[in-house]
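Protein chains in written order, with our numbering: chain A, 4 to 384; chain B, 4 to 384; chain C, 4 to 384; chain D, 4 to 384. For each residue, glycine too, the CB sits at the ideal point set by N, CA and C. Here the structure is laid out as structure tokens; the discussion comes afterwards.
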């Protein structure tokens, strides 16, 4: 059954006959294809909408660009699988549309790339510092480190609790290591001279001494930081520290971690609005992870990712993303550009890996292995 | 020489002239091909049969479906290599045949699969807990962990004696680890909150403290458990604990381990019957490993596997199977379906590996590497 | 210049005019091709020959089978590169020639192979025990273990000094491990129940306690042993222990190790004769490693290998061979057949590796990786 | 715009009208292609040149051979990307030109290679000794060791601080190891009997005891040494030790390390001249790393490399080069030839790796993996 009843622009839930028709279609059991988008669904905010009066399509064929509502898991029940149809809108017309929501595709990423010069040496590609791991979670440090190396960082130093020393040196010989004096958790801050990006979070725990080290780290550095996982959980308990974060810092929460920072959200649209607000308040970039990972810049722009797949929903996938953001930052890409490139290419690497391994068989290590090909094929050099 | 003397349905050993003919054929030294199955062999139970009055074929060409007797090693001497010939029986006719014995093939596995949804996140694919390893057998934990990850588990935590800490974190960075306070054996039960499947056995030993920890584990969890190797050997010494096993649990014994649980079997048919009885008594699923691995459900149904090869008869192959069952259980497949998918795909991965490495060259690690391709090609997505 | 002056059968050095011609040719600087073999060279024993009266060919084109003299490095200066030309001798004629020297080729190896049966389980393929490694040489244990697994052993247990515990478990998860109570050297003998082959030598040192453990091992086992490297050096200091070696044991010396056992040899032919004598005296199989590795059986037969290349002349290559001999022994091949299969396939795996990596780039690990393909392509199954 | 105004031979900065034209062209914003080389640029030494009076080309098409000025990063602004055009100069004419500056290409490397003989054994390919690593930098030892093995060394022994013991044995099983008695730094010199090349530097630190060990090492060996990284930094503080260096030794500094040895250079041409002077003074070979790595022999000849790419500008790339130089030295190539082969093939391996992984995705480990193919394809055997 083809649903082409109503285009965009709706702002009130359907009522009356039209609502009856929608309910009738939904009850029919017939396969439903919606054109542009399902009748009854609002383009953006569906918090006040009436669920039972919205078409539940199996497929949605939308024009040129996806709508904001397409980005949220809660609307999958209405949209089914959606596809974009190019209706020949002029690129400049698309650019001219004043929007603060962007759908991140290969061409944008390609424009951000700066080719390497022949006489470049490793100093040109930065020195990243990763503070990661704890007893039982040294693997997260391995994954983030490998991802940073595969993204082009010049030099990488990893601070890890000393019980993880052999792990990181065996698994990542290209990285240098600063073992913490504590065997099981991070407890100190090393000399930060010479690093141009600092990442922390993967595999940390929330030990008091780790929290204290994180505080010192925030206070003592002026280069951009990438904060993930338990680094965000520690911050959530110490929001005042956010005022001291160096300019250009990045948070990479999944929804649970985000809610710890920003308070519980009733739904995805609430969380989306809170992310914009939080990015503004703390002047940080927020990478809110999900099927369409969202990058929010401090100025309020939101970028939704178009790559990635459900095979990436497994342990360590987020650590890989953290390493990739660090990798681009180290090479002197701006924080926003680093987030966009990392998010897009992380998903693209996952898609390449899924082509080879399928969804179930895919591990975080497979994503890392595909980063080089993701970069090469996206940037076409 | 073509043996097409007698079809199925026989219930007494051959006698008289016919037995003479059989013995004559067997003594002739000529190659023998049996049609449907070797004259003198019973379809199912051959315990009362007379070995010398059964044709010893080099090849058996059987119709549509194999008979129960084909599943047992002791009948290889009669059957030689057997092959199925499709005689066009209607699938519904096959389904309609009231049987409690099934021959597991790709189409059944394909029907069990639930495709992943786009907005799925790692919480949807479960968090598995593996308690494994001891001093000298940490490798078993590595193999089971890698197999679980390659089967699609969302998150994986491995409890390992502390001397194996560096081993598991270096070899399996995608897994988290809870090191036991003991360096050489498992001695304690961690907080089990948040896990949706628990596996144990690979690489364990039978230390008293390990036995005690296993007992606590059984008592304190309500999610399905997969028990293998020394976990089964400990159970064999403490059969009363079986009454406390959580619903949906799975045993994965090889014949030696099974006999420790169920008492010595005089022959394979005895063991087959005892497996059905034991599965019923303890309300567990039993995966009895062999050339045609048998999955027995608590309701008495038996599923014989059609995949696998003798190259898989090497150390660690069983650990891989344990990890795969855990992987499907974590993703919320039912215990029976998890066993069937894991058993079939484990054999299929082994067959793919044997194509590349042959029988002698094949290691358990090769099976793991082929799990993704086994899944993709069997499920055809 | 074509040298076809004299065929085989010579038993005294050239003299007079013929010797003058040979010296003239050698001094001419022209490229020389010898037919069958270089004039002046004896077929077998050249110890009494006069070097300056032998043709120094660049190439030798020999008929059907190589001569004994071709096997020795010292004759490379006369033979140059040699090639075999099939002149159509009937295989039975070749077989009928009463010789105790054999040139080992693919067809012989293929005849030794016993295909695996469908219902085989890991008990059918044996349980090998490897006592190997010391502080600084744990890698040798890794290489021998991996090679045994790739050759088809059912189960493998490795005894290693405890400082190498993490190394072997991380690098070879398919193997079980019995860590020695000493961290830096082997000092004890484990319970040997259940093993059907014992290998030792790779990476050992010659510590007193290791020597004592080796003595106990020899006294306490009745299954075939494979002895390599420092196990042979210890034996060389304790030749009386050889009387206690279990039946079917194998020595795998390189020339230096062999000379320590048998006394210094003035030349290769001496060493060849001593190997035959030693194999008879101790009733062991001797695998004397070289460009044409020689397998000597206790009954005096010698088999020269036809595979292998100079890229294999690097650290660890011998450890791989030890593991392969153990692998075939574990699967119940006879000691002689195990040696022949291992030697031929080791060289074949090295040739496959050299095709991919060249000579300089080839490492022992590459040989291991090619064992499966070497087996498959040689045995053609 | 085509710049073909002036050929080589200029020795004073442009003035007057010609300088005006150059400035006009540079200001025009048009793409500029220079023929042979940019007008105003001197062929060799541009220290006295006037930057604003030199053409800034986007591309330079040069004839037959590059000029010295092309080798320096500071001239990239004038040259843009440069390409060589073969104008048919006779090779002998090129050879006859009396120059002490050479541009290293595949044909030269091919001429240096000596094919391996069939009967060669591992003694023919040397035994290299690598003293490397410290707490946090064990990975550098892993990379240098793997590179030496992939370059064809017969045997390799690695001295490493004992905390790195498990790292090196797990990651490089083909190498033997002499663990230092200190866990975190090198403190002693092992028995040096039997080694034919000694390398040190990768991953060292500058601990007093390490410096003392280096001093003893220099005093106690007579075989060629390769010195890199902190070994050079220690030497820079102890220049008098250079008088004791064994004949045929090699320094492999990057520009920062070189300046510590030779004093700060104001520009690349200064550094180039100082390298020639230093190589002469200490009678060592200097491998000054950069986009066109320069090999300076004690007799004053300079060889500029033609291979390599900016993807190699990442941690560990230099450790790989050190291992490769050791590898050729061990096989008895002369120090100069070892440097030339290693430098060229290191770059070639990096180029092969970049073809597969791109520039960002390339790691030092990828370079190592491509060494075999680099050797095979360059040497064409």
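Distance from the Cα of residue 303 of chain C is smallest, within the candidate group C:332, C:339 and C:85, for C:339. In the displayed model, residue 355 of chain B falls within a helix according to three-state DSSP.
Inter-residue distance for residue 159 of chain A and residue 71 of chain C is about 58 angstroms (C-alpha atoms, whole angstroms). The CB of residue 179 of chain D comes closer than 9 angstroms to the CB of 139, 140, 142, 143, 206 and 318 in chain C, given here in chain order.
Beta-bridge annotation (DSSP): residue 105 of chain B is paired with B:306.
With 16 or more other Cβ atoms from the protein chains shown falling within 10 Å of its own Cβ, residue 233 of chain D counts as buried. The CB of residue 62 of chain B never comes closer than 7 angstroms to any CB in chain C; the least such distance is about 13 angstroms. Counted as a single uninterrupted DSSP element, the alpha helix (DSSP H) harbouring residue 283 of chain B occupies residues 271-285. Contacts with chain C at 7 angstroms (Cβ-Cβ) include residue 360 of chain B. The beta-carbon distance between residue 58 of chain C and residue 28 of chain C, rounded to whole angstroms, is 6 angstroms. This is short enough to meet the 8 angstroms contact definition. In this structure, the beta-carbon distance from residue 371 of chain C to residue 149 of chain C falls below 7 angstroms.
DSSP places residue 86 of chain A in the uninterrupted beta strand (DSSP E) bounded by 84-88.
In the DSSP assignment, residue 373 of chain C falls within the unbroken alpha helix (DSSP H) covering 367-382.
Each residue's CA atom was taken as its position, placing residue 119 of chain B and residue 4 of chain B some 52 angstroms apart. Bounds of any beta strand (DSSP E) do not take in residue 329 of chain B; it lies within the alpha helix (DSSP H) bounded by 320-333. The secondary-structure analysis by DSSP pairs residue 288 of chain D across a beta bridge with D:253.
Residue 80 of chain D sits exposed, since fewer than 16 C-beta atoms from the chains shown fall within 10 Å of its C-beta. Selection B:48, B:358 and B:222 evaluated against residue 246 of chain B yields B:222 as nearest (Cα-Cα). For residue 201 of chain C, the enclosing beta strand (DSSP E) starts and ends at 200-203. In the DSSP annotation of this structure, residue 31 of chain C is not part of any beta strand (DSSP E); the continuous alpha helix (DSSP H) holding it starts and ends at 19-31. By the criterion of at least three beta-carbon pairs nearer than 8 angstroms, the stretch 282-301 of chain D is in contact with the stretch 321-334 of chain D. In the structure shown, residue 342 of chain D falls within a helical segment according to DSSP collapsed to helix, strand and coil. The C-beta of residue 154 of chain A has 16 or more other C-beta atoms within 10 Å across all chains shown, which makes the residue buried. Non-local beta-carbon contacts of residue 352 of chain C in its own chain, meaning distances under 7 angstroms to residues more than five positions away in sequence, involve 370, 373, 374 and 377 in chain order. At a beta-carbon threshold of 7 angstroms, the residues of chain B lying near residue 170 of chain A are 169, 172 and 173, ordered along the chain.
No Cβ-Cβ contact shorter than 7 angstroms links residue 367 of chain C with residue 196 of chain D. Residue 351 of chain C has a beta carbon lying at 7 angstroms or more from every beta carbon in chain B.
Between residue 220 of chain C and residue 192 of chain C, the gap from beta carbon to beta carbon is short of 7 angstroms. Beta-bridge annotation (DSSP): residue 130 of chain C is paired with C:158. Judged by DSSP secondary structure, residue 62 of chain A falls within the beta strand (DSSP E) whose first and last residues are 62-66.
In this structure residue 188 of chain C touches residue 212 of chain C by the C-beta definition: roughly 6 angstroms separates them, less than 8 angstroms. For the pair residue 83 of chain D and residue 316 of chain D, the Cα-to-Cα distance works out to about 20 angstroms. Around residue 76 of chain A, the beta-carbon contacts reaching into chain B at under 7 angstroms are 122.
For residue 310 of chain B, not one C-beta of chain A is nearer than 7 angstroms to its own C-beta. Taking a Cβ-Cβ threshold of 9 angstroms, the residues of chain B close to residue 384 of chain C are 361 and 362, in chain order. Residue burial is scored here from C-beta neighbours: residue 7 of chain D has fewer than 16 other C-beta atoms within 10 angstroms and is therefore classed as exposed.
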